[in-house]
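Peer 1: Before I ask anything, here is the structure I am working with.
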Amino acid sequence: MPYNKSNDGSRRRGGVRRRRKVCVFCGKDNVIDYKDSAKLKKYISERGKILPRRVTGTCAKHQRALTVAIKRARHIALLPYVVE
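When we follow this note's numbering, the leftmost residue of the sequence shown carries the number 2, and every step to the right adds one.
Structure follows, in structure tokens:
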């Protein structure tokens, strides 16, 4: 299949801009707690890795707190280090 340069480039330049995700922890009473494993599981991939900010949409402050909470929960065996 030949490479169509004009078709591929139009998507990149004038493509759809995604809206910036809003941090769910800012402005609300949502507290990041290492004991709340159900909330923390939303921010872990299916491989067991912590999802980055660009995926979760959290701000830098809450992403750092989220990372610390996940690591604490892993340390006391509330969350697994690796998903089997």
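All C-beta atoms, glycine included, are put in the ideal place defined by N, C-alpha and C.
(1) Along the alpha helix (DSSP H) that carries residue 66, what are the first and last residues, could you check?
(2) Cα separation between residue 48 and residue 85?
(3) So who's on the other strand from residue 51, going by DSSP bridges?
(4) Go through its chain and collect everything with a Cβ distance to residue 24's Cβ below 8 Å, but skip five positions before and after it.
(5) Does the Cβ-Cβ distance between residue 67 and residue 38 come in under 8 Å?
(6) Report the rounded CA-to-CA distance for residue 30 versus residue 41, giving the unit in angstroms.
(7) If you run the structure through DSSP and keep just helix, strand and coil, what is residue 22?
Peer 2: In brief:
(1) 61 to 76
(2) 8 Å
(3) 45
(4) 58, 59, 60, 63
(5) no
(6) 16 Å
(7) coil
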